[in-house]
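In my numbering, the protein residues as written are 19 to 329. All residues carry an ideal CB built from backbone N, CA and C; glycine is no exception. Since the structure is predicted, the reported quantities are computational estimates derived from the model, not experimental observations. Inspection log for the structure reproduced underneath, given as structure tokens.
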Amino acid sequence: MATPDRFPLPQVSESTRKPEWLKVRLPSGDGYERVKSIVRRTKLSTVCEEARCPNIAECWGGGTATVMLMGEVCTRACRFCHVKVGAPPPLDPMEPIHLAQAVKEMDLEYIVVTSVNRDDRPDGGASHFASAIRELRQHSPKTVVEVLIPDFKGVERDLTTVAEARPHVVAHNVETVERLTPTVRDRRATYRQSLKVLEYLKQRPEKLYTKTSVMVGLGETDAELDQTFKDLRAVGVDVLTLGQYLQPSQYHLRVERFVTPQQFADYKKLAESYGFLYVASGPLVRSSYRAAEFFMKGLMERERLGLAGNT
Numbered sequence: 019m020a021t022p023d024r025f026p027l028p029q030v031s032e033s034t035r036k037p038e039w040l041k042v043r044l045p046s047g048d049g050y051e052r053v054k055s056i057v058r059r060t061k062l063s064t065v066c067e068e069a070r071c072p073n074i075a076e077c078w079g080g081g082t083a084t085v086m087l088m089g090e091v092c093t094r095a096c097r098f099c100h101v102k103v104g105a106p107p108p109l110d111p112m113e114p115i116h117l118a119q120a121v122k123e124m125d126l127e128y129i130v131v132t133s134v135n136r137d138d139r140p141d142g143g144a145s146h147f148a149s150a151i152r153e154l155r156q157h158s159p160k161t162v163v164e165v166l167i168p169d170f171k172g173v174e175r176d177l178t179t180v181a182e183a184r185p186h187v188v189a190h191n192v193e194t195v196e197r198l199t200p201t202v203r204d205r206r207a208t209y210r211q212s213l214k215v216l217e218y219l220k221q222r223p224e225k226l227y228t229k230t231s232v233m234v235g236l237g238e239t240d241a242e243l244d245q246t247f248k249d250l251r252a253v254g255v256d257v258l259t260l261g262q263y264l265q266p267s268q269y270h271l272r273v274e275r276f277v278t279p280q281q282f283a284d285y286k287k288l289a290e291s292y293g294f295l296y297v298a299s300g301p302l303v304r305s306s307y308r309a310a311e312f313f314m315k316g317l318m319e320r321e322r323l324g325l326a327g328n329t
């Protein structure tokens, strides 16, 4: 966990105060309240709440959610992330089936399953992911299952374990441009390794859709973002989400700039020119974003009907 003497306190200035376009209403609505009730009763750990996602009401009310496997303690210390860092507890072997039962009760159209990094596990938790995917597909066959996975240290055996369980979409986030990666992410998470993970998954015989996310506002340049878009398409990434980095605490990396909605629109247009199937780009866009998930669900339905094909 980050400590005051490890990361100096940033100075708050007008340039780092949230602009109007980042202010959102408190979540409400019948759909939101129903999912919230089930989450509380089943003790699911959701990224929607842990990360204080601004889109929680829209997602929960619209039949999507993001849940976190394998506990709430991570073995890596990325400087943008608010997840606890330390020695994680043992895995709960019943977690995959409990998750599947809760998702069935929530009657979700789309579920994103992610996790902390578990470098303490021999396979990084890949087999646990695979168990969760299989249980979800058995209990909720109409629900689209996306997994947002760690890099598993780039070990192809562990990536294969996840792919063979056949999630509908597999995501792994590069998070930022190559130059900033050593500053933003844990030293074990490299930009090139993440590209190799995405490339390997895309080339698998399961023909999975691949997805990644990039945060802006960390000091990247437009030229660096352009190169990142090119790199991601070169390894076959299908879906890209771009969103504003927000500093989760005074001990994390400060926001270098707030990107305007118009700039996000320009980034979207640029990224789309490289051939992504879909690009979600906006201040409040997160790696799990309902608009992107809605697109993927529609794409798979058209594919089922023989009206579209995988790339």
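- Query: Residues in its own chain within less than 6 Å of glycine 80 by CB, not counting five upstream and five downstream?
  - Reply: Position 62 of the sequence shown, counted from the start, is the residue given in the question as residue 80. A caution first: glycine 80 carries a pLDDT of 49, below 50, which makes its placement in the model too unreliable to give a value.
- State the CB to CB distance for the pair leucine 198 and leucine 236, rounded to an integer number of angstroms; the pair is presumed to be in contact (CB under 8 Å). Taking the sequence shown and counting its residues from 1, one reaches residue 198 at position 180. Taking the sequence shown and counting its residues from 1, one reaches residue 236 at position 218. Confirmed, about 6 Å.
- Task: Might you give, ordered along the chain, the residues of its own chain that have their beta carbon closer than 7 Å to the beta carbon of proline 266, omitting 5 neighbours on each side?
- Result: Here residue 266 refers to the residue found at position 248 of the sequence shown. Excluding sequence neighbours, proline 266 sits near His100.
- Okay, do the stretch 214–230 and the stretch 113–122 touch, 3+ Cβ pairs below 8 Å being the bar? No, the stretch 214–230 is not in contact with the stretch 113–122.
- Item | Cβ-based burial, glutamine 262 [other Cβ within 10 Å; buried from 16] | In the sequence shown, the residue the question calls residue 262 occupies position 244. By the neighbour-count rule (16 or more Cβ atoms within 10 Å), glutamine 262 is buried.
- Within this structure, are the beta carbons of lysine 102 and glutamate 113 separated by less than 7 Å? As a working mapping, residue 102 is identified with position 84 in the sequence shown. As a working mapping, residue 113 is identified with position 95 in the sequence shown. It is not a contact, given that the beta carbons lie outside the stated cut-off.
- Query: Does the beta-carbon of glycine 143 have 16 or more other beta-carbons within 10 angstroms, so that it is buried, or is it exposed?
  - Reply: Here residue 143 corresponds to residue number 125 of the sequence shown, with the count starting at 1. So glycine 143 counts as buried.
- When the distance is taken between beta carbons, is histidine 190 closer than 7 Å to valine 163? One-based indexing of the sequence shown puts residue 163 at position 145. One-based indexing of the sequence shown puts residue 190 at position 172. With respect to the 7 Å criterion, valine 163 and histidine 190 are not classified as neighbours on the basis of their beta carbons.
- Output the distance between the C-alpha atoms of alanine 241 and threonine 161, rounded to the nearest integer angstrom. Along the sequence shown, one-based indexing puts residue 241 at 223. Along the sequence shown, one-based indexing puts residue 161 at 143. Using only the alpha carbons, I get a separation of about 38 Å.
- Task: Would you mind reading off the limits of the beta strand (DSSP E) that contains leucine 302?
- Result: For the purposes of this step, residue 302 is identified with residue 284 of the sequence shown, where counting begins at 1. That residue, leucine 302, is in no beta strand (DSSP E); it is neither H nor E in DSSP.
- Do you know offhand how far proline 168's Cα is from tyrosine 285's? To locate residue 168, count along the sequence shown from 1; it is residue 150. To locate residue 285, count along the sequence shown from 1; it is residue 267. Here the alpha carbons of tyrosine 285 and proline 168 stand approximately 26 Å from one another.
- Task: Could you check what DSSP says for valine 85 in three-state terms: helix, strand or coil?
- Result: Indexing the sequence shown from 1 puts residue 85 at position 67. Valine 85: strand per DSSP, three-state reduction.
- Which whole runs of the alpha helix (DSSP H) in the stretch 228–306 are 4 residues long or more, in chain order? Entirely contained in the stretch 228–306, the alpha helix (DSSP H) runs reaching 4 residues are, in chain order, 240–252 and 279–290.
- Task: Can you say whether threonine 228 is buried or exposed, counting buried as having 16 or more other CB atoms within 10 angstroms of its CB?
- Result: Position 210 of the sequence shown, counted from the first residue, corresponds to residue 228. With 16 or more Cβ atoms within 10 Å of its Cβ, threonine 228 is classed as buried.
- Task: Return yes when the Cβ of valine 234 is within less than 7 Å of the Cβ of valine 277, no when it is not.
- Result: The count along the sequence shown starts at 1 and reaches residue 277 at position 259. The count along the sequence shown starts at 1 and reaches residue 234 at position 216. Less than 7 Å separates the beta-carbon of valine 277 from that of valine 234.
- Query: How many angstroms separate the CA atom of alanine 148 from the CA atom of arginine 203?
  - Reply: Against the sequence shown, residue 148 aligns to sequence position 130. Against the sequence shown, residue 203 aligns to sequence position 185. Rounded to whole angstroms, alanine 148 to arginine 203 spans 25 Å at the Cα level.
- Message: So, under 8 Å CB-CB, arginine 136 and proline 106 are touching, yes? Tell me the CB distance rounded to an integer number of Å.
- Response: Here residue 136 refers to the residue found at position 118 when the sequence shown is read from its first residue. Here residue 106 refers to the residue found at position 88 when the sequence shown is read from its first residue. Indeed, because the Cβ distance is near 6 Å, the residues count as touching under 8 Å.
- Task: List in chain order: all unbroken beta strand (DSSP E) runs of 3+ residues lying wholly within the stretch 167–221.
- Result: Annotation: the stretch 167–221 contains the following complete segments of the beta strand (DSSP E) (minimum length 3 residues), in chain order: 187–189.
- Per DSSP, which residues does valine 121 bridge with? Please list them. Here residue 121 is taken as the residue at index 103 of the sequence shown, counted from 1. Answer by DSSP bridge pairing: none, since valine 121 is not bridged.
- Message: Going by beta-carbon coordinates alone, are lysine 315 and tyrosine 128 separated by less than 7 Å?
- Response: Translated into the one-based positions of the sequence shown, residue 315 becomes position 297. Translated into the one-based positions of the sequence shown, residue 128 becomes position 110. Tyrosine 128 is positioned such that its CB atom lies closer than 7 Å to that of lysine 315.
- Task: Give every residue of the same chain whose Cβ lies closer than 7 Å to the Cβ of serine 145, excluding the five residues on either side of it in the sequence, and list them in chain order.
- Result: As a first step, residue 145 is located in the sequence shown; it is residue number 127 there, counting from the start. Around serine 145: Thr179.
- Query: If we ignore side chains and look at the alpha-carbon of each, how far apart do alanine 83 and leucine 177 end up?
  - Reply: Counting from one through the sequence shown, the residue named residue 83 turns up at place 65. Counting from one through the sequence shown, the residue named residue 177 turns up at place 159. For alanine 83 and leucine 177, the distance between alpha carbons rounds to 23 Å.
- Message: Quick check on DSSP: helix, strand or coil for serine 149?
- Response: Here residue 149 corresponds to residue number 131 of the sequence shown, with the count starting at 1. Serine 149 falls in the helix class under three-state DSSP.
- Task: Please go through the same chain and pick out, in chain order, the residues whose beta-carbon is closer than 8 Å to the beta-carbon of glutamate 174, but skip the five residues on each side of it.
- Result: Reading the sequence shown from its first residue, position 156 is the one you call residue 174. Around glutamate 174: Tyr218.
- Identify every residue that forms a DSSP beta bridge with serine 133. Working through the sequence shown from its first residue, we reach residue 133 at position 115. Here serine 133 is bridged, per DSSP, to Leu87.
- Item | Secondary structure of lysine 16, DSSP reduced to three states | The chain is shown only over 19 to 329; residue 16 falls outside these bounds and no answer can be derived.
- In terms of residues, what are the limits of the alpha helix (DSSP H) holding methionine 314? Looking up residue 314 in the sequence shown gives position 296. 308–322 is the extent of the alpha helix (DSSP H) around methionine 314.
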